[in-house]
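Protein chains in written order, with our numbering: chain A, 164 to 933; chain B, 191 to 352.
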């Protein structure tokens, strides 16, 4: 049996390609998911949703639904406010009602719920509900929303958690849920100088479309409400946040609310904060029975999505090819409820000027309400959208200036030891090295086959940087049992990224046991301590530190126990023997705890500058080779190269699968994924009509290169890698298409229709719309 | 809601019967009546492969396959593969190659790969891609899945009696 030892000099666990600990459960179909859970006496809820994008609710007729045999109850907001008087939730704004109250703000907003023991009965009955609305003008576009001509919410209600939102309390007549600013140098003066000195000014506008996470385990939550206890089972990425928010809604202390989270069938940022948890809580309170809501696939499209964005970027380049000024205006389409949008706006917003050393920078980043389904975090937290714009812009400038795109980047790239635009020193952020590796692997300086006839070949590259969100806290507990076996309690949710395995490896390293012997307790807020959330590539670093600290404290306590027992330093007593000697039998525990919160200096109001904006940076680059069919607009990706800096990998094989998975997901967002809308209604809300990457979409030449470094302040030199490969896929492919056929696409996705339209427009025979 | 009828079929080698309504899918029956959760409903349109079941030796989309049609059939789920507590070579290969992340689609892939290797013991890349084009993995563990298919093929060849 593997037991902890006193010395634990090196457990040999770091850098091990250990297969995932839960592998056997997953391949045999026996892994636990909330999707599979049934409780005795449980009711199923079917949500009835708004059919208008913006309107006042005139009436909701539930009589026909109630009359269906087998219907237990039909619930509207009138029932909800009897059990939860202020039923509004959200991490940044308390703006989202459990069920619509008075108004609806997007098509698909939950209005009523039918409860029944048989989900088929609930489905059939929900179809009989009739709601009438007084329709109001709606606003869908983020730039239009910024003009505040049509206003989504009558009054803004910041949650109070974030200092930079407090000034919006009670604001009326506005859709702007955050107006973030960064000011470095004097941009106006610098632009004037560029013009005067014969340099060039470039201004472009890029857009991204609405896409979504589409985790294969659809949103699902179960509430079991008892008089003074609530247990929630949920497919959730942030159990601690869920507990805090639900306790707030109930006016209860945290310790009466319990959140249990088994494995997740995918998350990608979609299952953060509150999704169905508040709804099932209210339903269980009303029904006095356990209630499960498990969304049918089409309803995922009405729950949470990625932010569409419009990015106006303007750069001034001097005669030597140096960018001396840059102005960024970013409009984030947050949809009807803010969710975490204001944090995307700021935390990604401050990287909008890219990995370039520019003396004068101005960034304005706006979170906007619109009458679309809400937008939130999605793998990259806004950065992939920004990089699409700034790295397309980089290439467009290079081409216009007749400078090689690689050379142009070399002249402007941020260098290790310098400072990021925010003023924070760049450390362990080898942007230049990543760029050079992409160039080398792509044989950039060598001749390239450009194709013939109707198939033209091109290549492109891109490089980017992201900061991990800060400051956030993680807590972990390591328990050494009386036989020396070890148990880890941590709130990081394993949704496929392999965190259970990596955390067990860290425990094993400190306590000198094989990782596979560590019991990682499934997330349960009654036993697993606080963690801010499984998001933004933060867990390996933040929770990793907490786990390491907890294991080190346990090791120190084992050593102290040996000293107390009068044993000499370096004794070969096993831990089990220590317990035996101490308690006279196999008894007792040693518990180590670890808490980690990195240092952070808040940005200065007005300028957004700070010497410490983040504890670590993520850097990646992509090289792409494409073949464009000029007759059809079809783009074949002949080669995709992902180069990522990953610190010291705790489990290299799992890191690599994160890289390829992230890049492939981004490939879907780049090439074809798009939610189509008609009057606020999603017209392709199914897997038949919304296509995601399948095995045929995997480029035949698909390469990952990891640059291993040592993150100076990371646990065992490690850092998070879940998002890093998402950044550069879109612009590298867009740049390659331009290289192949000389057309520049300013909006995602880069589908055949968009490419063909651009080709035909270039030939002066545009495709006319019918 | 509607009338029920009783169907009888073989489930993972055992004769069973279930009371069903006309609209019940085979997926609902194996999950709700027999607590076999390896097959899951995701897209509900037979496009993702998460609900894959084996009926009379052929993979079907359990979310579209009406339970009534399974009357008298031989039905197998992923749970049948390790019935003796021994993993199928495909399952071993998936673990070793790390051919999954969240694991939600994995049982469907495992069943399809098994069927692929039954029909084509030594498939090339193109055959693997074609055969698995009806299974989707949102975590996109596709490179590892292709490696796992090849590894499983080698394991099966090696395990064959000479």
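Think of the CB as a built atom: it goes at the ideal place given N, C-alpha and C, for glycine as much as any other residue.
Would residue i count as contacting chain A if we go by Cβ distances under 7 angstroms?
i, result
"residue 297(B)", "yes"
"residue 288(B)", "yes"
"residue 195(B)", "no"
"residue 285(B)", "yes"
"residue 322(B)", "yes"
"residue 223(B)", "no"
"residue 272(B)", "yes"
"residue 268(B)", "yes"
"residue 339(B)", "no"
"residue 250(B)", "no"
Quick check: what's the CA-CA separation for residue i versus residue j?
i, j, result
"residue 817(A)", "residue 447(A)", "39 angstroms"
"residue 967(A)", "residue 917(A)", "Beyond the ends of chain A as shown, which are 164 and 933, falls residue 967(A); an answer cannot be given."
"residue 896(A)", "residue 328(A)", "37 angstroms"
"residue 262(A)", "residue 272(A)", "8 angstroms"
"residue 631(A)", "residue 509(A)", "12 angstroms"
"residue 757(A)", "residue 712(A)", "5 angstroms"
"residue 566(A)", "residue 554(A)", "15 angstroms"
"residue 241(B)", "residue 274(A)", "30 angstroms"
"residue 423(A)", "residue 397(A)", "6 angstroms"
"residue 267(A)", "residue 466(A)", "14 angstroms"
"residue 202(B)", "residue 811(A)", "45 angstroms"
"residue 428(A)", "residue 658(A)", "6 angstroms"
"residue 709(A)", "residue 883(A)", "14 angstroms"
"residue 336(B)", "residue 309(B)", "17 angstroms"
"residue 852(A)", "residue 247(A)", "38 angstroms"
Given that residue i touches chain A, what residues does it touch there, using C-beta distances under 8 angstroms?
i, result
"residue 210(B)", "What residue 210(B) touches in chain A: nothing, since even the nearest Cβ is about 12 angstroms away."
"residue 317(B)", "Those do not exist, as residue 317(B) stays about 12 angstroms from chain A at its closest Cβ, beyond 8 angstroms."
For residue i, go through chain B and note every residue whose CB falls closer than 7 angstroms to its CB, in chain order.
i, result
"residue 194(A)", "293"
"residue 865(A)", "333"
"residue 850(A)", "233, 235, 237, 238"
"residue 856(A)", "330"
Mind pulling the chain B residues with CB within less than 9 angstroms of residue i?
i, result
"residue 379(A)", "230, 232, 233, 238, 240, 292, 294, 295, 326, 327, 328, 329"
"residue 627(A)", "Chain B residues near residue 627(A): none, gap ~20 angstroms exceeds 9 angstroms."
"residue 460(A)", "231, 232, 233, 234, 235, 238"
Taking CB distances under 7 angstroms as the criterion, tell me whether residue i reaches chain B.
i, result
"residue 171(A)", "No answer about residue 171(A) holds up, because its pLDDT of 45 lies below 50 and its placement is not dependable."
"residue 534(A)", "no"
"residue 334(A)", "no"
"residue 859(A)", "yes"
"residue 787(A)", "no"
"residue 230(A)", "no"
"residue 633(A)", "no"
"residue 564(A)", "no"
"residue 820(A)", "yes"
"residue 702(A)", "no"
"residue 428(A)", "yes"
"residue 824(A)", "yes"
Show which residues of chain A have a CB atom less than 7 angstroms away from the CB atom of residue i.
i, result
"residue 344(B)", "Residues of chain A passing the Cβ test: none, with the nearest at roughly 17 angstroms."
"residue 281(B)", "190, 191"
"residue 227(B)", "192, 199"
Taking residue i as the query, report the chain B residues whose CB atoms sit under 8 angstroms from its CB, ordered along the chain.
i, result
"residue 531(A)", "None at all; the shortest Cβ gap to chain B is about 28 angstroms."
"residue 660(A)", "291"
Applying a beta-carbon distance threshold of less than 9 angstroms, which residues of chain A neighbour residue i?
i, result
"residue 300(B)", "190, 191, 192"
key: Ranges of the alpha helix (DSSP H) found wholly within the stretch 682-763 of chain A, counting only runs of at least 4   = Entirely contained in the stretch 682-763 of chain A, the alpha helix (DSSP H) runs reaching 4 residues are, in chain order, 702-727, 738-746.
request  = May I ask you to verify whether the stretch 698-708 of chain A touches the stretch 851-868 of chain A, counting CB pairs closer than 8 angstroms and requiring at least 3?
outcome  = Because the criterion of three Cβ pairs below 8 angstroms is not met, the stretch 698-708 of chain A and the stretch 851-868 of chain A do not touch.
task = Please confirm if the stretch 252-263 of chain A is in contact with the stretch 499-508 of chain A, defined as three or more CB-CB distances below 8 angstroms between the two stretches.
result = Yes, since at least three Cβ pairs between the stretch 252-263 of chain A and the stretch 499-508 of chain A fall closer than 8 angstroms, the two stretches touch.
Complete beta strand (DSSP E) runs within the stretch 197-270 of chain B (minimum length 3 residues, chain order) = Contiguous beta strand (DSSP E) elements confined to the stretch 197-270 of chain B occur at 204-211, 242-245, 248-251, 264-266, taking only those with 3 or more residues.
inquiry  = With a threshold of 8 angstroms, are at least 3 pairs of Cβ atoms found where one atom belongs to the stretch 451-461 of chain A and the other to the stretch 479-496 of chain A?
reply    = No, because fewer than three Cβ pairs between the stretch 451-461 of chain A and the stretch 479-496 of chain A fall closer than 8 angstroms, the two stretches do not touch.
inquiry  = Threshold first: 4 residues or longer. Then list the alpha helix (DSSP H) segments lying entirely within the stretch 434-479 of chain A, N to C.
reply    = Counting whole runs of 4 or more residues, the stretch 434-479 of chain A contains the alpha helix (DSSP H) stretches 440-450, 460-463.
request  = Pick out the complete alpha helix (DSSP H) segments inside the stretch 560-590 of chain A, 4 residues or longer, and give them in chain order.
outcome  = Complete alpha helix (DSSP H) runs here, min 4: 568-575.
ask   = Taking the runs of the alpha helix (DSSP H) that are 4 residues or longer, which of them lie wholly in the stretch 348-397 of chain A?
value = List check, alpha helix (DSSP H) in window: 350-359.
request  = Scan the stretch 198-274 of chain A and note each continuous beta strand (DSSP E) run of 3 residues or more that stays entirely inside, going in chain order.
outcome  = Runs of the beta strand (DSSP E) inside the stretch 198-274 of chain A: 206-212, 218-224, 234-238.
request  = Jot down the residue ranges of each uninterrupted alpha helix (DSSP H) in the stretch 279-335 of chain A, minimum 4 residues, whole runs only, in chain order.
outcome  = Entirely contained in the stretch 279-335 of chain A, the alpha helix (DSSP H) runs reaching 4 residues are, in chain order, 282-289, 305-308.
query = Does the stretch 572-582 of chain A come within contact of the stretch 851-863 of chain A, defined as at least 3 CB pairs closer than 8 angstroms?
reply = Flag = no, the stretch 572-582 of chain A and the stretch 851-863 of chain A do not touch.
ask   = Which parts of the stretch 762-844 of chain A are runs of the alpha helix (DSSP H), unbroken and 4 residues or longer, counting only runs that do not cross its ends?
value = Counting only runs that start and end inside the stretch 762-844 of chain A, the alpha helix (DSSP H) elements of at least 4 residues fall at 815-834.
task = Would you check if the stretch 321-333 of chain B and the stretch 283-291 of chain B touch, i.e. whether three or more CB-CB distances between them fall below 8 angstroms?
result = Verdict: yes, contact present.
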